[in-house]
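Protein chains in written order, with my numbering: chain U, 5 to 291; chain W, 5 to 291.
Quick reminder that beta carbons are idealized off the backbone N, C-alpha and C, glycines included.
Computed from a predicted model, the values in this text were never measured in an experiment.
Written as structure tokens, this is what we have:
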């Protein structure tokens with residue numbers, strides 16, 4: 005899997021750069037490019053592998069993978085703002101508002117979202133019908149029913165009197181990080197006009213396993229490796245999977261979810277090997 | 005025209021509400037709805053009338069008109085933030101970040117943008133091809149080549165040593181407010197698969213006339229009527245069409261542009277009467 009992962013990572017990073025190559029010169033354009041540097045490209049890999057699994061070429065899937073990464077970059081830039089999570093380090097670099105300003109960070113995020121949606125118009129993706137189907141699903145995943153709703157709940161939880169319980173945290177994370185991960189995994193099925201239910205099932209488990217591992221790494225992780233601040237949740241007294249389940253309980257939960265994610269793809273046979281390996285990778289990573 | 009204008013205004017305001025009716029309960033959803041209250045709906049009127057002029061029904065144009073107003077609302081919410089133009093009054097109401105918080109304003113703007121793009125997937129608009137064409141043009145209009153670029157230039161100008169000259173201001177405003185106005189006017193032609201050049205020509209003149217009148221009203225206007233702060237540009241010593249051309253010079257320029265906008269539509273004959281009247285209305289308004 006690692007080889008394929010690296011191949012996709014290079015492909016997507018290059019296409020991301022190309023998508024922003026001809027923007028008019030401005031701090032915003034510079035900040036957009038900066039915000040897209042680095043990143044594990046897990047979501048892009050999900051798009052490309054989900055596509056392959058449904059008989060869709062890398063070339064057709066690439067604009068969708070790039071859209072998902074641009075969208076993810078926008079969400080990080082806005083989440084890092086002082087008015088939101090107030091983070092100064094991301095992917096090993098100063099965050100956009102530190103490097104430029106809050107205004108530039110807000111605008112760069114806004115423009116990355118517009119870019120992401122625009123990429124779905126790319127002819128290479130396939131028929132216009134397919135692109136409209138992707139547009140509809142993408143909008144649902146990122147808007148006030150999906151990612152934005154989850155981030156709003158997360159911020160509200162920080163000032164709430166009662167810490168969240170496990171059901172509320174699952175629901176929150178299923179939206180905040182889960183919605184885009186689910187879209188990414190379903191993209192190939194949508195492009196092929198096939199039922200995305202198994203892919204969504206896989207991604208729901210994967211996304212939660214990913215998030216729980218993030219919570220674990222926030223406690224045990226290395227800041228240099230992570231490229232972002234760790235220990236923030238504990239410091240803020242925030243309810244996380246670790247605070248609710250304990251470190252070992254959280255790890256065990258992530259392992260279970262990872263196995264459920266693998267199982268969801270059994271119908272695809274050996275072709276799903278890369279995605280099943282990804283489900284193991286996301287809980288074994290150290291950053 | 006007034007009757008048709010009021011009809012479109014009611015239609016669009018109702019459809020905007022409907023588009024947000026089933027959002028999960030949250031401050032962000034409340035703030036999104038709040039941000040869409042009021043507004044002249046000039047852009048929506050452009051979409052609907054541009055559609056009619058090209059043989060496209062109100063029903064087909066409506067989701068596009070709603071998308072444009074949702075997008076416009078997002079841009080106002082973000083522009084009003086303390087990190088940007090720092091405004092506390094908009095459409096006669098406290099701005100979103102005053103009423104809720106900066107975080108909620110950022111997220112509500114983000115979600116309004118996602119909603120706007122998602123509306124372009126609506127089946128009522130027409131063929132999938134048409135929706136993809138609209139998606140492409142919309143993304144260009146609002147991203148780092150269009151609206152966002154213009155706003156970034158506007159903010160940069162505030163701290164620049166040299167005030168902008170007339171060429172730079174025209175270029176800036178042609179992006180900041182012009183790009184979305186041009187998209188709105190071109191939408192009907194795009195939907196009909198016809199050449200949007202005349203509509204773009206009309207909208208380029210209309211948008212500039214609109215902006216110059218805004219600059220005039222910032223000096224002469226009434227805060228209660230405008231529903232937003234006036235006199236801010238003079239206070240900030242910002243270069244505007246009025247500071248560069250004088251009050252009478254700016255008014256004369258707006259009148260000329262309005263006439264050019266009218267002339268651009270001559271090829272459409274009497275059918276273009278409403279849009280030509282709009283070109284007169286935008287320079288005669290007192291708010």
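query: For residue 292 of chain U, which residues in the same chain have their Cβ closer than 6 Å to its Cβ, ignoring the five residues on either side in sequence?; result: Residue numbering for chain U in the displayed model covers 5 to 291; residue 292 of chain U lies beyond these limits and cannot be assessed.
query: Give me the residue from U/33, U/52, U/34 with the minimum Cα distance to residue 11 of chain U.; result: U/52
query: What is the rounded straight-line gap between the Cα of residue 4 of chain U and the Cα of residue 235 of chain U?; result: What the structure shows of chain U is the stretch from 5 to 291, and residue 4 of chain U is not part of that stretch, so it cannot be assessed.
query: Using 9 Å as the threshold, is the C-beta distance between residue 108 of chain U and residue 219 of chain U below it?; result: no
query: Does the segment 168–176 of chain U come within contact of the segment 126–143 of chain U, defined as at least 3 CB pairs closer than 8 Å?; result: no
query: Residues of chain U with CB under 8 Å from residue 58 of chain W, in chain order?; result: The contacting residues do not exist; residue 58 of chain W stays about 19 Å from chain U at best.
query: Could you tell me the distance, in whole angstroms, from the CA atom of residue 258 of chain U to the CA atom of residue 149 of chain U?; result: 25 Å
query: Identify whether residue 292 of chain W lies in helix, strand or coil by the three-state DSSP scheme.; result: Outside the displayed span of chain W (5 to 291) sits residue 292 of chain W, for which this structure offers no information.
query: Could you please tell me which residues of the segment 152–163 of chain W, in chain order, have their CB closer than 8 Å to any CB of chain U?; result: 152, 153, 155, 156, 157, 159, 160
query: With 7 Å as the C-beta to C-beta threshold (strictly closer), list the residues of the segment 188–200 of chain U near chain W in chain order.; result: none
query: Kindly say whether residue 182 of chain U, judged by its beta-carbon, lies nearer than 9 Å to any beta-carbon of chain C.; result: Note that chain C does not occur in the displayed structure, where the protein chains are U and W.
query: Would you mind telling me which residues of chain U sit closer than 9 Å to residue 144 of chain W, beta carbon to beta carbon, in chain order?; result: 118, 122
query: When you compare the segment 183–197 of chain U with the segment 155–168 of chain U, are there three or more beta-carbon pairs, one atom per stretch, that lie closer than 8 Å?; result: no
query: Using a Cβ cut-off of 7 Å, pull out every chain U residue sitting near residue 98 of chain W, in sequence order please.; result: None at all; the shortest Cβ gap to chain U is about 17 Å.
query: Using a Cβ-Cβ cutoff of less than 8 Å, which residues in the same chain neighbour residue 240 of chain U once the five nearest sequence positions on both sides are dropped?; result: 162
query: Just mark residue 73 of chain W as buried or exposed, buried being the case when its beta carbon has 16 or more other beta carbons within 10 Å.; result: buried
query: Looking at C-alpha atoms only, which residue of U/123, U/242, U/147, U/96 is the closest neighbour of residue 165 of chain U?; result: U/242
query: Going by CA-CA distance only, name the one from U/211, U/42, U/67 that's closest to residue 93 of chain U.; result: U/42
query: Does DSSP put residue 295 of chain W in a helix, a strand or coil?; result: Examination of residue 295 of chain W is not possible in this model, given that chain W is present from 5 through 291 alone.
query: Since residue 208 of chain W contacts residue 182 of chain W with CB under 8 Å, what's their CB separation in whole angstroms?; result: 6 Å
query: Under the three-state reduction of DSSP, which class applies to residue 15 of chain W: helix, strand or coil?; result: helix
query: If you follow the alpha helix (DSSP H) that residue 159 of chain W is in, where does it begin and where does it stop?; result: 151–163
query: Here's a check: name, in chain order, each residue in its chain whose Cβ is nearer than 6 Å to the Cβ of residue 89 of chain W, leaving out the five neighbours to either side.; result: 83
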